[in-house]
Amino acid sequence: MATILDNPRTKAGLNDPSTSYYEGFLGSHNWQMPLLIDAGMTPISFKGVWQRRLEVIRRLKEALEMHEPEERIKAWESLQTEWVDTHIGSGDGAVRHSSGSAKIAPDANYLRLLTPETPLRNGSVRLSGGDFIRLYGEHFTPGQVERYFEKSLTREEVKESPVWRALMRGDQALLNHVADTAFAQAEERFPYRPRYDRDEGKMMRVYIQNAPSEGAAGRLWTASSLVNNAYAGSRRLDDVGWLVAVASAPKARVETGVTLEQRVKAVLAATKGQIGIENLAGYEMQVRDALRILEQ
1 MATILDNPRT
11 KAGLNDPSTS
21 YYEGFLGSHN
31 WQMPLLIDAG
41 MTPISFKGVW
51 QRRLEVIRRL
61 KEALEMHEPE
71 ERIKAWESLQ
81 TEWVDTHIGS
91 GDGAVRHSSG
101 SAKIAPDANY
111 LRLLTPETPL
121 RNGSVRLSGG
131 DFIRLYGEHF
141 TPGQVERYFE
151 KSLTREEVKE
161 SPVWRALMRG
171 DQALLNHVAD
181 TAFAQAEERF
191 PYRPRYDRDE
201 GKMMRVYIQN
211 APSEGAAGRL
221 WTASSLVNNA
231 YAGSRRLDDV
241 GWLVAVASAP
251 KARVETGVTL
261 EQRVKAVLAA
271 TKGQIGIENL
281 AGYEMQVRDA
291 LRILEQ
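FYI, this note's numbering numbers position 158 of the sequence shown as 158, with every residue one higher than the one before it.
Now the structure itself:
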């Protein structure tokens, strides 16, 4: 368990208290989600990942053009590595139905309820057909899945993609900016890395898991690093990676006068019965490490 996305900003005086505060949780997603929720934070949206990426890219460019102090430039370069050059998991759900259809489910509740004891099948939460129907989000028929998913795209195809538009929550202006920036940055920073269809001017493929044999199956959307062609992928919930959380201000969620041991006990009590005895020691260690970092 570790955190990212906060220290470089703070050290360089870049942490504006009027803006959102971000924190990263590294580990298996089904282990990290309850820690994130207990910290009083909210999983970032896929759209939010790209909004922050665009901000970091813009601010680094401005810092270089304005010849800002080296410390600030290095801080933004560090944030570029963390945000743009890293796979980042979101709180948006990637759901497949046994019929072959799919949904992009913003702020999926099944992800917020995730624990190490949540039953998974092939890395996905098992959902019923009724769950699939009730889930809020953009629905794609089997024919649309075949047409729009699993294909690398040109810049203009990304802008016209209903899948990417759904991931951006209908914000066409943002999608246009994302496509233009991703392609321009890839050409500028990684011209030597022609992966998949980059030699044909294509990238930003959307990957989604196979349809289950029955019911429905839910994963989370991950925004891949730019060096990996900025694809969007439905990631297994038992995979190890970064989950990013957002809060209105740092430290606001940390209660004063409450010891670390008291907070550890509170988390363990809240998850009592959800963690198998064979996993309890490892879970307690992750909880303790997470809360210790939050209190620093």
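Quick reminder that beta carbons are idealized off the backbone N, C-alpha and C, glycines included.
8 Å Cβ cutoff met for residue i and residue j
i, j, result
"residue 83", "residue 60", "no"
"residue 22", "residue 52", "yes"
"residue 46", "residue 101", "no"
"residue 126", "residue 217", "yes"
"residue 220", "residue 32", "no"
"residue 138", "residue 182", "no"
"residue 205", "residue 161", "no"
"residue 107", "residue 85", "no"
"residue 190", "residue 227", "yes"
"residue 29", "residue 120", "no"
"residue 237", "residue 124", "yes"
"residue 203", "residue 176", "no"
"residue 178", "residue 79", "no"
"residue 50", "residue 173", "no"
Delimiting residues of the alpha helix (DSSP H) encompassing residue i
i, result
"residue 220", "That residue, residue 220, is in no alpha helix (DSSP H); its beta strand (DSSP E) goes 216 to 223."
"residue 48", "46 to 65"
"residue 169", "Where residue 169 is concerned, there is no enclosing alpha helix (DSSP H), given that its DSSP letter is neither H nor E."
"residue 75", "70 to 83"
"residue 117", "Careful: residue 117 lies outside any alpha helix (DSSP H) and carries neither H nor E."
"residue 297", "Only positions 1 to 296 of the chain appear in the structure, and residue 297 is not among them; the question remains open."
"residue 156", "155 to 160"
Three-way DSSP call (helix, strand, coil) for residue i in this model
i, result
"residue 103", "strand"
"residue 250", "Any answer about residue 250 is weak, because its pLDDT of 45 lies below 50 and its placement is not dependable; what the coordinates show is given next. Residue 250: coil per DSSP, three-state reduction."
"residue 230", "coil"
"residue 125", "strand"
"residue 149", "coil"
"residue 140", "strand"
"residue 42", "strand"
"residue 130", "helix"
"residue 190", "coil"
"residue 135", "coil"
"residue 108", "coil"
"residue 180", "helix"
"residue 257", "Interpretation of residue 257 is limited by its pLDDT of 46, a score under 50 that renders its predicted location unreliable; the figure taken from the coordinates is listed afterwards. The answer is coil: DSSP assigns residue 257 none of H, G, I, E or B."
"residue 174", "helix"
"residue 165", "helix"
For residue i: DSSP bridge partner residues
i, result
"residue 235", "220"
"residue 22", "246"
"residue 97", "216"
"residue 89", "222 and 243"
Residue closest to residue i, alpha-carbon to alpha-carbon, out of the options
i, options, result
"residue 154", "116, 201 and 208", "201"
"residue 122", "224, 230, 213 and 23", "213"
"residue 233", "97, 215, 56 and 207", "207"
"residue 246", "34, 48 and 29", "48"
"residue 145", "177, 95 and 30", "95"
"residue 44", "28, 88 and 27", "88"
"residue 128", "98, 170 and 149", "98"
"residue 149", "231, 105 and 184", "231"
"residue 169", "55, 136, 147 and 187", "136"
"residue 104", "117, 70, 140 and 74", "140"
"residue 58", "215, 223, 203 and 180", "180"
"residue 116", "27, 80, 223 and 55", "27"
"residue 41", "25, 50 and 147", "25"
"residue 184", "163, 156 and 172", "156"
"residue 131", "215, 50, 239 and 235", "215"
"residue 56", "67, 73, 69 and 110", "73"
"residue 34", "109, 69, 164 and 171", "109"
"residue 39", "66, 112, 81 and 62", "112"
"residue 142", "134, 209, 68 and 70", "209"
Continuous beta strand (DSSP E) stretch holding residue i: start and end
i, result
"residue 208", "No beta strand (DSSP E) holds residue 208; DSSP gives it neither H nor E."
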